[in-house]
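Step one of this worksheet: look at the structure below.
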Amino acid sequence: MILNLPKQEQVDQIAGSLAPDVVRIRMREGLDWSDHDALYFYVILSDEASRAPRLHEIANEVRQKIDQELGLGSRNFLAYPRFRSETEQRELKEPLWD
Amino acid sequence: MGLAEDLLRQAEHLIIYEGTKSSPASLRRAVSTAYYALFHRLTEDAAGRWPGTAEARTSFERGFKHGIMRGVSLEFGPTGWKDRRGNRQSVPLPLQRVAKSFATLQDERHSADYDNSRSWSATDANEILDLTRQAFREWDLIREDPMAGNYLIAMLLGK
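Chains as they are written, first to last, in this note's numbering: chain A, 226 to 323; chain B, 672 to 830.
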C-alpha cells in the first residue's frame with residue numbers, strides 16, 4: 226500500500242495543463258509484475274497527439290509532470306503512465322480508462 | 672549492427688508491418704522485443720569492456736539476471752546510489768532516466784508476455800518504443816561516465 230497517495234484532483238490538474246493534447250488521466254494503485262507497489266496512470270490523448278512525433282513530446286511531458294508535480298520521482302515505487310488515443314479507447318471500451 | 676540495435680529495428684517493424692491496424696500479438700511482441708533491445712544494449716556494453724574472447728563475453732552477458740538488474744536500476748535514482756562503503760553518490764540525470772526506463776520496460780515486457788487481460792493499443796506500444804529509443808540515446812551520452820560503469824557492475828553483481 227502506498228502512503229501519501231496523490232489525489233485524483235492533482236492528476237486532473239496535470240491533464241488540464243496539457244489539454245487539448247491530453248484528454249484525461251485516470252490513476253490506479255496496484256502491484257506491478259515484480260509484486261512491488263505501483264501507480265498506474267491511464268492517459269487518453271487526442272488522436273492528433275497520439276501520432277509521431279507529437280506522441281514522444283507529450284508523453285515525455287506527462288512523465289515529467291507525474292514525477293515532479295506529484296513528487297513521485299524520488300519515491301521507492303514506479304509510476305507507469307500508459308497511453309491510448311480517444312479513438313482507440315472508443316474501440317476498446319475499457320472502464321479503467323474512463 | 673549489434674543484437675541490441677537489430678532487436679530495436681525488429682520491434683519497430685512489428686508495429687508497422689501490418690499497416691494501421693496492428694494485431695494485439697504484434698504489439699505485444701514489439702513491447703517485449705523493445706525490452707530485450709535495451710537489455711542487450713546494456714549487457715553487450717558491459718561485456719565489451721571485458722578483454723576476453725567472443726565466447727567468454729557471451730558467458731559474461733549470461734551472468735546478468737533480470738530481477739537483479741531491475742532492483743539495481745531502482746537504486747540509481749534521484750536520491751543517489753549507495754556504494755559498497757555506504758557512501759551515497761550522485762547519479763547523472765541521463766543515467767537515472769536509463770535506469771528508470773529499464774525497470775519500466777521490464778514490467779511492460781512481463782505484462783506484454785503474460786497479462787492476457789490487458790488490451791494493447793498502437794499508441795501504447797509506440798510510446799514504449801519511444802522510451803526505448805530515448806534510453807539508447809541517453810545511454811550513448813552517459814556510457815563512458817564512471818557512474819555508468821558502476822551501474823553495469825552493480826547490475827552484474829547485484830550490489
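All C-beta atoms, glycine included, are put in the ideal place defined by N, C-alpha and C.
1) What residues are listed by DSSP as bridge partners for residue 177(A)?
2) Measure from the C-beta of residue 229(A) to each C-beta in chain B and report whether the shortest distance is under 9 Å.
3) Can you grab the Cα-Cα spacing for the pair residue 293(A) / residue 696(B), in whole Å?
4) From residue 692(B) to residue 317(A), what does the alpha carbon distance come to, in whole angstroms?
5) Judging by CA-CA distance, which residue of 757(B), 818(B), 791(B), 769(B) is the nearest neighbour of residue 700(B)?
6) For residue 748(B), would you say it is in contact with chain A, using Cβ-to-Cβ distances shorter than 9 Å as the test?
7) Please compile the residues from chain B whose C-beta is within a distance smaller than 7 Å of the C-beta of residue 275(A).
8) According to DSSP, is residue 743(B) helix, strand or coil?
9) Using 9 Å as the limit for Cβ to Cβ distance, is residue 295(A) near chain B?
10) Counting C-beta neighbours from all protein chains within 10 Å, is the total for residue 797(B) 16 or more, i.e. buried, or is it exposed?
11) Can the beta-carbon of residue 830(B) be found less than 9 Å from the beta-carbon of residue 733(B)?
12) Tell me the rounded alpha-carbon separation between residue 311(A) and residue 272(A).
13) Is residue 274(A) helix, strand or coil by DSSP?
14) Cβ of residue 286(A) less than 9 Å from any chain B Cβ?
15) Is DSSP giving residue 287(A) helix, strand or coil here?
16) To the nearest angstrom, how far is the alpha carbon of residue 776(B) from that of residue 741(B)?
17) Is the separation between the beta-carbon of residue 257(A) and that of residue 305(A) shorter than 9 Å?
18) Note down the Cα distance separating residue 278(A) from residue 801(B), rounded to an integer number of angstroms.
19) Please tell me whether residue 798(B) has its Cβ less than 9 Å away from any Cβ of chain A.
20) Give me the residue from 320(A), 314(A), 301(A), 280(A) with the minimum Cα distance to residue 243(A).
On the basis of the supplied data:
1) Missing from the structure shown is residue 177(A); chain A here goes from 226 to 323 and no further.
2) no
3) 34 Å
4) 13 Å
5) Looking from the CA of residue 700(B), the closest CA among 757(B), 818(B), 791(B), 769(B) belongs to 791(B).
6) yes
7) Neighbours of residue 275(A) on chain B, chain order: 794.
8) Here DSSP, grouped into helix, strand and coil, assigns residue 743(B) to helix.
9) no
10) buried
11) Not in contact: residue 830(B) and residue 733(B) (Cβ atoms no closer than 9 Å).
12) 6 Å
13) coil
14) no
15) Helix.
16) 10 Å
17) Yes; because the gap between Cβ atoms is below 9 Å, this pair is in contact.
18) 10 Å
19) yes
20) Ranking the options by Cα distance to residue 243(A), first place goes to 280(A).
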